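Trainee:
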Amino acid sequence: MKNILLIGAGSDIAIEFAENNHNEFNIYGVSRTEKLLKLKDIFSVKDYSPTECNEAVNWYIKKSLSLDILIIANGFGKSGKIGAIPLEKIESMTNTNLLVPYYFLHHTASIFQKQQFGHVIVLGSVAGIKYAPNFAMYSATKFALRALVEAYRNEIQEFSVKTTNIQPGFIDTKFWDEFGPNDNKFKFKKNASVNVTEVADTIKYVIDSTNDTNHVINEITCRSVYQER
Ligand SMILES: NC(=O)c1ccc[n+]([C@@H]2O[C@H](COP(=O)([O-])OP(=O)(O)OC[C@H]3O[C@@H](n4cnc5c(N)ncnc54)[C@H](OP(=O)(O)O)[C@@H]3O)[C@@H](O)[C@H]2O)c1
């Protein structure tokens, strides 16, 4: 059975993925949420500081397991025009969406280099391909995440490690809970979002379509046929 280290295991997408696939994979999670069923074990963090991210990876290393798949789901958005969002929020969003994924790439790079196999999957966004109106900085973090993963692909390829950036459109998750009707309009437009199972299934599809030789899906976009942008 393959081992998965799932970062941001409290994400609705991650929870759904673990729910549907815990019989097929050994899934170990890192999260601020302490009670997550369907995981083999969980490392609880407070705020994903660089030290905590390092501790989380060391916790996994102590298990003496291969790191077959690393999935990074962390990310949140804050809407508003430039100048209107408190700077602390901008800093926290940049940290969560970009630096936390970087910390986990940083701390796992030597594992992948040593074992000479593995698959890194991150959750980007369609907002990382085209900007989302009213979400300038969220888009900027997802554009940067895309660049980071593509650069990492090039650095880690000589160790036969594969990378994938999954870029969903609107998904009906708690991500949208804090937004008002101006920014989660899609909720009121019939069929403009996809459900969380469809995105969890996309992660599984990416894993299943990766063979033991050279094939991998590096980027994949999934969204409702009716999503406007
Ligand atoms: N929902 C959408 O429409 C949509 C569309 C495109 C892309 N995405 C991306 O998909 C991923 C999962 O999102 P989701 O829809 O499943 O939303 P979610 O349920 O709200 O999950 C949010 C994730 O981000 C982490 N997180 C949130 N706030 C954080 C903070 N302040 N500091 C550190 N970590 C924080 C959570 O970690 P814990 O486990 O520690 O709570 C969790 O993994 C995100 O990267 C998001 O950007 C979502």
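The numbering used here puts the first residue of the sequence shown at 27, with every later residue one more than the last.
Note that beta-carbon positions come from the ideal geometry of N, C-alpha and C, so glycine has one too.
Bear in mind the structure is a predicted one, so any value in this text is a computation, not a measurement.
Exposed or buried, residue 82, counting other C-beta atoms within 10 Å across all chains shown (16 or more means buried)?
Mentor: The count along the sequence shown starts at 1 and reaches residue 82 at position 56. Buried: at least 16 other Cβ atoms inside 10 Å.
Trainee: Comparing the CB of residue 166 with every heavy atom of ligand 1, is any distance shorter than 7 Å?
Mentor: Start at 1 with the first residue of the sequence shown, and residue 166 comes out as number 140. Incorrect: residue 166 has no Cβ contact closer than 7 Å to ligand 1.
Trainee: Please report the straight-line C-alpha distance between residue 53 and residue 32, rounded to a whole angstrom.
Mentor: Numbered from its first residue, the sequence shown carries residue 53 at position 27. Numbered from its first residue, the sequence shown carries residue 32 at position 6. Rounded to whole angstroms, residue 53 to residue 32 spans 7 Å at the Cα level.
Trainee: Just verifying my parser: in three-state terms, what is the DSSP assignment at residue 73?
Mentor: Residue mapping note: residue 73 aligns to position 47 of the sequence shown, counting from 1. Note: residue 73 maps to coil in three-state DSSP.
Trainee: Please report how far the alpha carbon of residue 85 lies from the alpha carbon of residue 78, in whole angstroms.
Mentor: The residue given as residue 85 occupies position 59 in the sequence shown. The residue given as residue 78 occupies position 52 in the sequence shown. Distance between the alpha carbons of residue 85 and residue 78 is about 10 Å.
Trainee: For residue 149, which three-state DSSP category applies?
Mentor: As a position in the sequence shown, residue 149 is number 123, starting the count at 1. DSSP places residue 149 in strand when its eight states are reduced to three.
Trainee: What does the Cβ neighbour count give for residue 163, buried or exposed, with the cut at 16 atoms within 10 Å?
Mentor: Along the sequence shown, read from residue 1 onward, the residue named residue 163 stands at position 137. It is buried - the Cβ of residue 163 has at least 16 other Cβ atoms within 10 Å.
Trainee: Between the C-alpha atoms of residue 196 and residue 181, what's the straight-line distance to the nearest angstrom?
Mentor: Mapped onto the sequence shown, residue 196 falls at position 170. Mapped onto the sequence shown, residue 181 falls at position 155. Rounded to whole angstroms, residue 196 to residue 181 spans 31 Å at the Cα level.
Trainee: Is residue 200 close to ligand 1? I mean its beta-carbon at under 7 Å from any heavy atom of the ligand.
Mentor: Along the sequence shown, read from residue 1 onward, the residue named residue 200 stands at position 174. Yes, ligand 1 has a heavy atom inside 7 Å of this Cβ.
Trainee: Return the first residue and the last residue of the alpha helix (DSSP H) that residue 126 is part of.
Mentor: On the sequence shown, residue 126 is found 100 positions in, with the first residue counted as 1. Here the alpha helix (DSSP H) through residue 126 covers 126 to 141.
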